[in-house]
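*Asks:* Submitted below is the structure of interest, expressed as structure tokens.
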Amino acid sequence: MNKLNLSKQKTKQARKLAGAITRPVQAYIDTHTTISVERTVLRVLGANGMNKEGVPVPNLAVNCLEGKLAKGAARYWVNALLHYDGNLQKLNRAVAKGKDISALEMVSDVKLNKVVRPLLGTFNKQITANVKTRNMMLRRYRKKDDSPLLYLIVATGNIYEDVKQAEAAAHQGADIVAVIRTTAQSLLDYVPCGATIHGFGGTYATQENFRIMREALDKVAHKEKRYIRLVNYASGLCMPEIAAMGALERLDMMLNDSMYGVLFRDINMYRTFVDQHFSRMLTAFADITINTGEDNYLTTADAYQNAHTVLASQFINEGFAGNAGLAPRLMGLGHAFEIDPSLKNSVLYEIAQAQMVREIFPEAPIKYMPPTKFMTGDIFRGYVLNSMFNLVSGMTSQSIHLLGMLTEGILNPFMQDRYLAVKNAQYIMNATADLGREIQFAKHGIIAKRADEVLNKTLTFLERVNKLGLFKSISKGLFADVKRSPKGGKGYAGVLRKDSDYWNPVEDFLQKKLKLK
Amino acid sequence: MNKLNLSKQKTKQARKLAGAITRPVQAYIDTHTTISVERTVLRVLGANGMNKEGVPVPNLAVNCLEGKLAKGAARYWVNALLHYDGNLQKLNRAVAKGKDISALEMVSDVKLNKVVRPLLGTFNKQITANVKTRNMMLRRYRKKDDSPLLYLIVATGNIYEDVKQAEAAAHQGADIVAVIRTTAQSLLDYVPCGATIHGFGGTYATQENFRIMREALDKVAHKEKRYIRLVNYASGLCMPEIAAMGALERLDMMLNDSMYGVLFRDINMYRTFVDQHFSRMLTAFADITINTGEDNYLTTADAYQNAHTVLASQFINEGFAGNAGLAPRLMGLGHAFEIDPSLKNSVLYEIAQAQMVREIFPEAPIKYMPPTKFMTGDIFRGYVLNSMFNLVSGMTSQSIHLLGMLTEGILNPFMQDRYLAVKNAQYIMNATADLGREIQFAKHGIIAKRADEVLNKTLTFLERVNKLGLFKSISKGLFADVKRSPKGGKGYAGVLRKDSDYWNPVEDFLQKKLKLK
Amino acid sequence: MQIRPYGDTLDDGAVQLSFTLPMSNSEKSREAAKRFVLKHGFKRCEITSAEALADNFTMFVVYAWTKLGIDSSEVKDVVSAAPEIMNFDEVNLFIKEHVKRPIVIVGACTGSDAHTVGIDAIMNMKGYNHHFGLERYPMVRAYNLGAQVENQHLIEYAIKVKADAILVSQIVNQKDMHLENMKEFISFVKDKKVRKQFLLIAGGPHLNHKMAKEAGFDAGFGRGSYAEHVATFVARKLAGKSK
Amino acid sequence: MQIRPYGDTLDDGAVQLSFTLPMSNSEKSREAAKRFVLKHGFKRCEITSAEALADNFTMFVVYAWTKLGIDSSEVKDVVSAAPEIMNFDEVNLFIKEHVKRPIVIVGACTGSDAHTVGIDAIMNMKGYNHHFGLERYPMVRAYNLGAQVENQHLIEYAIKVKADAILVSQIVNQKDMHLENMKEFISFVKDKKVRKQFLLIAGGPHLNHKMAKEAGFDAGFGRGSYAEHVATFVARKLAGKSK
Ligand code: B12
Ligand code: B12
Ligand SMILES: Cc1ncc(COP(=O)(O)O)c(C=O)c1O
Ligand SMILES: Cc1ncc(COP(=O)(O)O)c(C=O)c1O
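Chains as they are written, first to last, in the working numbering: chain Y, 1 to 517; chain W, 1 to 517; chain L, 1 to 243; chain G, 1 to 243.
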């Protein structure tokens, strides 16, 4: 696909710059860990459950390692496991009851290595089985054409209500169901446990909730003869933990961005960069597609003016993702249809941007967000904006198509809003099924020129970021008009330089599996 | 504009066939007149008013000419005028009171010719002034771009309510307002008089109603700084009379088709062919754009299967219109967006057909009808169908764009439906303003192939019609799946062969003006 | 059990509305719109959009929440004319076995209504939406008289061909003309004293079984009806086995 | 005078509705939908579309006609916070002439609400929709504290900079949290005994003047508000010349 005549040379240069930008950050990542990464390691190694106050075992375990965490929590966990006869259940129970695992006598590294192997084996088996099941179901209910996957959200706050709405969504035609998280969860430094029925504008991401929804969607998949992908958020202060949970419960996609938390949730940047790397190794291993969050830039900044920041961020996300072993086919790079609809030729610009992203990242399953910012209380107008979005998405072969809700400007979607959204997309994508293949763009026309212009601006922008360095660029507000200081934001205290004898068998395992070392 | 690579050769051939098809019909037309043509002549020569029972003077006058009409009603009218001292008012009053103008002593032809001259002069002045006023206003409120003219209907049945709704429509953004006629008017063999407030699914076409609406639209034009074109129907048994009324009251467009009445109103074909010719001479002289009715074919027959009958009919309408002195720029050839929306690539086929019509008739102000047949009670779905219609219309540069109503499948449009329709079209046409210029179609792609296929089928079809002759083709149901016998249908009794001394000074006048002789 | 609309939670009673008030667009007319909605029993409402259609007309989009519901027992008795539809083959077989002769059906779009597409959809050979029309049924003799047919003429024709059932199509419902016309039809049938001879069936986008029954017909069919609905109903009735 | 919706004729009372019932799509649920609508005072209604959203959920599109209207006198008293808006230049001039000093305005999006775009639209330099924000007004000192700001913090900040007016933005209205939060704000202001010191102004897509007044604010602004609305209101109030 090459309709825009984009310069290969320029995209190569952009990737080079993104490499240069991410390199120093990656060096930092490689030498650091976070409390959240450590908790994730424990989860992978079987940490589970919570105490009476609802504090999860991984948190309890890590909390008692103050001062020692830079050696790797795994060391103490696996050591403790030996003290409990290798019985995870017992260990979990003990930690939940307040057992301090830092105070136990330490065995040799050789011993630790031996004990950890079956734990990793179990993990390996679980994840491999999940990947197999997914692939089997995908093959069984293969989609007939290459039109975008239709993505619907549910957000009742109650996992059981969510299930009902997800079933309805699947019935209506969704290929993907995302369970929106309750508002403030990204700022919690732990992941709640169990099935939950109270959320605010969304439902808690818990492993049990994941399991319940997965089961429900598998059931409905057989009924509708369509595999329904499940999405949640590996994002916020517990990014890698949720990634692990998702891997275990066979989620198919994870919202996961290398900078979103920094920019939009004021999470510390060091914390985020380290966390995103570990999360992505996990999702890569579990064959889970990430969805990046560049679309968010366009809700606070003008979408026409700032198209290049989206592309720049995609290159950076791509760079980081590559570092974590994610194949391009798992990089759901994000962007959005957010240009002011009153702008003359706005749809042409949207086509230009969507086609550009499609061509620059040919293997990536591009995630395309519907209009949100310019959605008002006039649902009829909104319905038509969505139809243009559907048109552009289909004709530029976007991959992950978030359905626009005609009530976006008003309230959380009603059940009927989802139905209308699916019908809109299905009609337009079928009625224009081959439009993309059918048309060429004028060589120096508005569309081709616009794409070239955005690419040029992106290069200039990346050069600037490279000169300043990513940390400084963010603190100067180059992305999304938001300024964050390197040591500010939530969660910086949870970042640690790895000790020389830092031990992380899960990391080692993942790196080996992903051929990163 | 040549995006489809349509064969010039084939379109030339189609025009040749249309010429061959219309020629024998035209020969019939030239040697015949109808009661409606004769009434029209009298109207042009000042016949006006009605009797106590509401029978219009033109009808009263023509009615008393039984057996003599083949000599031309003008002869008797002008002769009678001499008997009333050249005072039209007196003559009209006398006829309304029952005066038989056939019984009066006849003066010489020379005398008649002399007396008719000032009458024609008055008519000439009125119409010329109308054309001038229109052109002046059009220049004054010139549209900035070449996007389609937005066409809205009003249909309250009450001319004063119509005015309110037309004003609102203009405020909302209409360029054209059509006053829909009351249901059965096309079958009346007279045109009612005066302002009317009771209609059924529409408002009576009367000269006074025309005047009232014209005045209102001129007022609103100054307010909105946009000339608002007024449309009515020169169609049915009184086709030429209404054309004359429209010319006098400065209507800007007239629904007028050479076969619509035959196919959809079961009006006799001879009657219709003769009437349409005279109507069109009048509209040509008054610089009024006709709108043909090919769109109607697609409401009873499948729009994909029968696209070629539309194109064939357009060639035939073009042929007849040319015979009547209409310039291509006044030929609003009709077609419609009526392909089953569930058909894969339906929008591509719509693009193909719309672009094809645009290219084959480059100077004609193509009239494009919105989806109607596939509009259901689901207004949201309907709103999106209309948005695709708006898209196709804008990108293929249609000229006269009838706005689709989201309630089309349910009821006569509400005021808010018109507003929503305008907003939909304005958004899409602005957001895709340059899309047509921006894209090319794949050389042997679906669109180009489809257009070629329709053109080929049209040729075959026209050949068949030519072989059978138009009269026989219609009686065999070749158009719109409707069969009509040559002498069947309404109004055949009103067709007469012209006598050798037939006198029609209005026809002579028009032919001279239009340089037809 | 009380039934209420479901927005995003059971019984939240959420309803979307739109309408136009003959007032200019202002805080005052927004308040008027709100009160108008609340006057209809809604407990809460929000004007989400207000757009001027003209100087003195404003269109509102409103979301409203109600506590009023309907009792499911209220609607228990509702039945459709042919609750269990037989398909093309089943109907023909059923007629062969139970009626034991072809059935005769006459239909038209009556009065001033000129819309043929609806009655054609039911009767013509090719049918509609991939559902064959009655003319295609081996066990049905179908006569489609087209549109703008006088009620009298239709009845006389039905008598002439000894029809089992008469189909009346009505598309236009402005000023309730469909109901008027249907009532006229029934009164003519009664005048002619042939009411018992025919199954009388009405159809059209603004009709349903209940409305048709109320107008004196035996059955009514609305939007989305096909030939097999009619055929099933007629066949079962003639076989005395309607369910 | 009674005011009723206008479909295509004065007082026809036509309203469009859509909603979902937790019932399967059937003649029965269509009847239920109809009765549900009629229960809300409509005289006549037509189900124009019924679509299954899931096995047990059906969405309806309905047109209904009502005879209920509202009395125009009922809504006579409705006023907006700033009925006659001054533009950018006029406001600045007005402040210069009548207040005779720059006015100080502090604003934030409060509570857990993280939406900054609304308050930015009113306050930031660049404004919104080609309407400059308050920061650009020469005669206004504007302090925008952003989103997720605690009510307490906002009030203390206002006291500190001697603000004339405090702007509170509330975007999220789920479970009425905007109103809760506004009430909390007012009670803190009262606790601090500074109610009289400030003009209190609330804004957001789910608010209007009336609602804000009811919550204890001096003014409220809804969708489509711009800086000049706020500036006009504050300037006039401070000059004692509000109209
Ligand atoms: C095509 C059409 C026309 C064509 C008709 C061609 C023809 N030969 O039929 C033409 C262009 C001639 C036309 C003219 C007019 N039309 Co018209 N037309 C339509 C249109 C676009 C489609 C109708 C259609 O074909 N539907 C498809 C069929 C298959 O659906 P259906 O009729 O509902 O039938 C189904 C069911 O109802 C049922 N059914 C129907 N009949 C029967 C009978 C039996 C026994 C059974 C069992 C079932 C059954 O089964 C069918 C299949 O599922 C509709 C809008 C729309 N989208 O519905 C307007 C519409 C019906 N027309 C309308 C109007 C007002 C007119 C005019 C009066 C306009 C005018 N002022 O000139 C004229 C005059 C017609 C007249 N005197 O009756 C209005 C009616 C408004 C109303 N609610 O009363 C509509 C709704 C458009 C609108 N929104 O204004 N029209
Ligand atoms: C952009 C956006 C976001 C961005 C916010 C970025 C930012 N920094 O602001 C991000 C992506 C972060 C976001 C997150 C969320 N959002 Co949000 N978001 C939106 C969106 C798309 C646009 C809002 C917007 O910018 N509008 C443009 C501005 C200019 O309009 P406005 O805010 O109405 O302001 C105008 C007037 O109201 C008024 N005004 C506003 N404030 C004030 C103050 C004063 C003093 C005055 C005078 C006037 C005034 O003047 C302004 C100019 O005219 C809306 C949907 C929509 N189209 O409205 C959803 C929306 C507001 N979000 C919603 C939700 C639920 C969320 C989340 C809770 C989702 C989740 N579960 O994670 C989160 C969490 C946020 C939180 N804790 O509050 C819902 C709210 C539902 C409801 N009715 O309660 C909406 C409606 C989307 C939806 N349909 O579900 N969101
Ligand atoms: C990449 C990414 N992560 C997370 C989120 C959700 O945000 P949070 O859960 O932090 O509120 C979004 C929201 O759009 C996102 O794009
Ligand atoms: C060319 C033409 N004439 C007339 C009409 C109106 O029909 P009538 O007034 O005969 O009912 C139409 C309707 O669409 C038409 O296309």
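By construction, the Cβ of each residue, glycine as well, lies at the ideal position given by its N, Cα and C atoms.
Could you name each continuous alpha helix (DSSP H) segment of 4 residues or more that falls completely within the region 170 to 252 of chain Y, going from the start of the chain to the end?
*Replies:* 207 to 224, 239 to 248
*Asks:* When the Cα of Val347(W) is compared with those of Ile379(W), Val310(W), Asn390(W), Lys517(W), which residue comes out closest?
*Replies:* Against the second sequence, residue 347(W) aligns to sequence position 347. Of Ile379(W), Val310(W), Asn390(W), Lys517(W), the residue nearest in Cα terms is Asn390(W).
*Asks:* When we look at the beta-carbon of Ala493(Y) and count the other beta-carbons within 10 Å, is it buried (16 or more) or exposed?
*Replies:* As a first step, residue 493(Y) is located in the first sequence; it is residue number 493 there, counting from the start. Taking a 10 Å sphere around the C-beta of Ala493(Y), we find fewer than 16 other C-beta atoms and assign the residue as exposed.
*Asks:* Under 9 Å between C-beta atoms, does Leu420(W) make it to chain Y?
*Replies:* Taking the first residue of the second sequence as 1, we reach residue 420(W) at position 420. So, interface residue.
*Asks:* Strictly below 8 Å CB to CB, what residues from chain G border Ile201(L)?
*Replies:* Counted from its first residue, the third sequence places residue 201(L) at position 201. Neighbours of Ile201(L) on chain G: none; closest Cβ ~16 Å, over 8 Å.
*Asks:* Measure from the alpha carbon of Tyr76(W) to the alpha carbon of each residue in Gly98(W), Ser102(W), Lys52(W), then state which is nearest.
*Replies:* Working through the second sequence from its first residue, we reach residue 76(W) at position 76. Nearest option by C-alpha distance: Ser102(W).
*Asks:* What three-state label does DSSP hand Met50(Y) in the structure shown?
*Replies:* Indexing the first sequence from 1 puts residue 50(Y) at position 50. Of the three classes helix, strand and coil, the one that applies to Met50(Y) here is strand, per DSSP.
*Asks:* Span of the alpha helix (DSSP H) holding Thr232(L)?
*Replies:* Numbered from 1 along the third sequence, position 232 holds the residue referred to as residue 232(L). It spans 227 to 238 - the alpha helix (DSSP H) in which Thr232(L) sits, taken as one unbroken run.
*Asks:* If Ile171(G) sits next to Cys109(G), beta carbons under 8 Å apart, how far is it from one beta carbon to the other, in whole angstroms?
*Replies:* Counting from 1 along the fourth sequence, the entry for residue 171(G) is found at position 171. Counting from 1 along the fourth sequence, the entry for residue 109(G) is found at position 109. With a Cβ gap of about 7 Å, Ile171(G) and Cys109(G) count as contacting.
*Asks:* Below 8 Å on the Cβ atoms is my contact criterion, and I expect Ala74(Y) with Val116(Y) to pass it. Report the Cβ-Cβ distance as a whole number of Å.
*Replies:* Translated into the one-based positions of the first sequence, residue 74(Y) becomes position 74. Translated into the one-based positions of the first sequence, residue 116(Y) becomes position 116. Yes, Ala74(Y) and Val116(Y) are in contact; Cβ-Cβ is about 7 Å, under 8 Å.
*Asks:* According to DSSP, is Thr458(Y) part of a helix, a strand, or is it coil?
*Replies:* Locating residue 458(Y) in the first sequence gives position 458, where the first residue counts as 1. Note: Thr458(Y) maps to helix in three-state DSSP.
*Asks:* Quick check: the Cα distance between Ala80(W) and Lys52(W), rounded to an integer number of angstroms?
*Replies:* Locating residue 80(W) in the second sequence gives position 80, counting from the first residue. Locating residue 52(W) in the second sequence gives position 52, counting from the first residue. Going from the Cα of Ala80(W) to the Cα of Lys52(W) covers about 21 Å.
*Asks:* At a threshold of 8 Å, does Thr182(W) count as lining ligand 1 (C-beta to nearest heavy atom)?
*Replies:* Residue numbering aside, residue 182(W) sits at position 182 when the second sequence is read from its first letter. Thr182(W): yes, Cβ under 8 Å from ligand 1.
*Asks:* Can you tell me where the alpha helix (DSSP H) holding Met415(Y) begins and where it ends?
*Replies:* Along the first sequence, one-based indexing puts residue 415(Y) at 415. It spans 415 to 431 - the alpha helix (DSSP H) in which Met415(Y) sits, taken as one unbroken run.
*Asks:* Any beta carbon of chain W sitting closer than 9 Å to that of Phe414(Y)?
*Replies:* As a working mapping, residue 414(Y) is identified with position 414 in the first sequence. It does not: the Cβ of Phe414(Y) has no partner Cβ on chain W nearer than 9 Å.
*Asks:* When you compare only the Cα positions, how much space is there between Ile379(Y) and Ala421(Y)?
*Replies:* Counting from 1 along the first sequence, the entry for residue 379(Y) is found at position 379. Counting from 1 along the first sequence, the entry for residue 421(Y) is found at position 421. Taking the straight line from one Cα to the other gives about 12 Å.
*Asks:* Can you tell me which of Val262(Y), Asp287(Y), Lys223(Y) puts its alpha carbon nearest to the alpha carbon of Ala247(Y)?
*Replies:* Walking along the first sequence from the start, residue 247(Y) turns up at place 247. The option with the nearest alpha carbon to Ala247(Y) is Asp287(Y).
*Asks:* Return helix, strand or coil for Glu46(G), following the three-state DSSP convention.
*Replies:* Within the fourth sequence, numbered from 1, the residue matching residue 46(G) stands at position 46. Residue state, collapsed to three classes: strand.
*Asks:* Is the separation between the beta-carbon of Gly199(Y) and that of Thr133(Y) shorter than 9 Å?
*Replies:* On the first sequence, residue 199(Y) is found 199 positions in, with the first residue counted as 1. On the first sequence, residue 133(Y) is found 133 positions in, with the first residue counted as 1. No. Outside cutoff.
*Asks:* Give me, in chain order, the residues of the same chain whose beta-carbon lies closer than 8 Å to that of Phe217(L); leave out the 5 immediate sequence neighbours on both sides.
*Replies:* Here residue 217(L) corresponds to residue number 217 of the third sequence, with the count starting at 1. Taken in chain order, the residues that qualify are Val168, Met182, Ile186, Leu200, Ile201, Ala202.
*Asks:* Below 8 Å between beta carbons is the criterion; list the residues of the region 355 to 379 of chain Y that meet it against any residue of chain L, in chain order.
*Replies:* Under the 8 Å Cβ criterion, the region 355 to 379 of chain Y contributes Thr376, Gly377, Asp378, Ile379.
*Asks:* Among the residues of its own chain, which have a CB less than 6 Å from the CB of Ala312(W), if the five just before and after it don't count?
*Replies:* Against the second sequence, residue 312(W) aligns to sequence position 312. Taking Ala312(W) as the centre and dropping the five residues before and after it, the same chain places the C-beta of Thr458, Phe461, Leu462 closer than 6 Å to its C-beta, in chain order.
*Asks:* Give me, in chain order, the residues of the same chain whose beta-carbon lies closer than 7 Å to that of Arg250(Y); leave out the 5 immediate sequence neighbours on both sides.
*Replies:* Reading the first sequence from its first residue, position 250 is the one you call residue 250(Y). Excluding residues within five positions, the ones whose Cβ falls inside 7 Å are Asn130, Thr133, Arg134, Arg214.
*Asks:* Which of helix, strand or coil does DSSP assign to Ala18(W)?
*Replies:* Counting from 1 along the second sequence, the entry for residue 18(W) is found at position 18. In this structure, Ala18(W) counts as helix in the three-state DSSP scheme.
*Asks:* Closer than 7 Å between beta carbons: that is the criterion. Which residues of the region 254 to 276 of chain W meet it against chain Y?
*Replies:* none
*Asks:* Return no unless some Cβ of chain L is closer than 9 Å to the Cβ of Ile410(Y).
*Replies:* To locate residue 410(Y), count along the first sequence from 1; it is residue 410. True, the Cβ-Cβ gap to chain L drops below 9 Å.
*Asks:* Give a yes or no on whether the C-beta atoms belonging to Tyr151(Y) and Ala174(Y) are separated by under 9 Å.
*Replies:* As a first step, residue 151(Y) is located in the first sequence; it is residue number 151 there, counting from the start. As a first step, residue 174(Y) is located in the first sequence; it is residue number 174 there, counting from the start. The answer is yes: Cβ separation under 9 Å.
*Asks:* Here's the rule: buried if 16 or more other CB atoms are within 10 angstroms of the residue's CB, otherwise exposed. What is Asp257(Y)?
*Replies:* The sequence position of residue 257(Y) within the first sequence is 257, counting from 1. Looking at its Cβ environment, which holds 16 or more other Cβ atoms inside 10 Å, Asp257(Y) is buried.
*Asks:* Can you check which of these residues, Val262(W), Gly469(W), Gly394(W), is closest to Asp481(W) by C-alpha distance?
*Replies:* As a working note, residue 481(W) is residue 481 in the second sequence. Residue Val262(W) is the option with its Cα nearest to Asp481(W).
*Asks:* Do Tyr419(Y) and Leu21(G) have their CB atoms nearer than 9 Å?
*Replies:* Residue mapping note: residue 419(Y) aligns to position 419 of the first sequence, counting from 1. Residue mapping note: residue 21(G) aligns to position 21 of the fourth sequence, counting from 1. Taking 9 Å as the Cβ cut-off, Tyr419(Y) and Leu21(G) do not qualify as a contacting pair.
*Asks:* Using a Cβ-Cβ distance under 9 Å, would Ser49(G) count as near chain W?
*Replies:* Counting from 1 along the fourth sequence, the entry for residue 49(G) is found at position 49. Output row for Ser49(G): interface = yes.
*Asks:* Could you check the C-alpha separation between Glu184(L) and Val194(L) for me, to the nearest Å?
*Replies:* The sequence position of residue 184(L) within the third sequence is 184, counting from 1. The sequence position of residue 194(L) within the third sequence is 194, counting from 1. Cα-Cα distance, rounded: 14 Å.
*Asks:* Looking at Gly319(W) and Ala18(W), is the spacing between their C-beta atoms short of 9 Å?
*Replies:* The sequence position of residue 18(W) within the second sequence is 18, counting from 1. The sequence position of residue 319(W) within the second sequence is 319, counting from 1. Pairing Ala18(W) with Gly319(W) gives a Cβ-Cβ distance under 9 Å.
*Asks:* Does the CB of Ser169(G) have a neighbour CB from chain Y at under 9 Å?
*Replies:* Start at 1 with the first residue of the fourth sequence, and residue 169(G) comes out as number 169. It does not; no Cβ of chain Y falls within 9 Å.
*Asks:* Output needed for Val234(L): all residues of its chain with C-beta closer than 8 Å, excluding positions within five of it in sequence on either side, in chain order.
*Replies:* Locating residue 234(L) in the third sequence gives position 234, where the first residue counts as 1. Counting only Cβ-Cβ distances below 8 Å, and skipping sequence neighbours, we find Ile103, Ile105, Asp164, Ala165, Leu199, Ile201.
*Asks:* Can you check whether the C-beta of Ala108(G) is within less than 9 Å of a C-beta belonging to chain Y?
*Replies:* Along the fourth sequence, one-based indexing puts residue 108(G) at 108. Not an interface residue.
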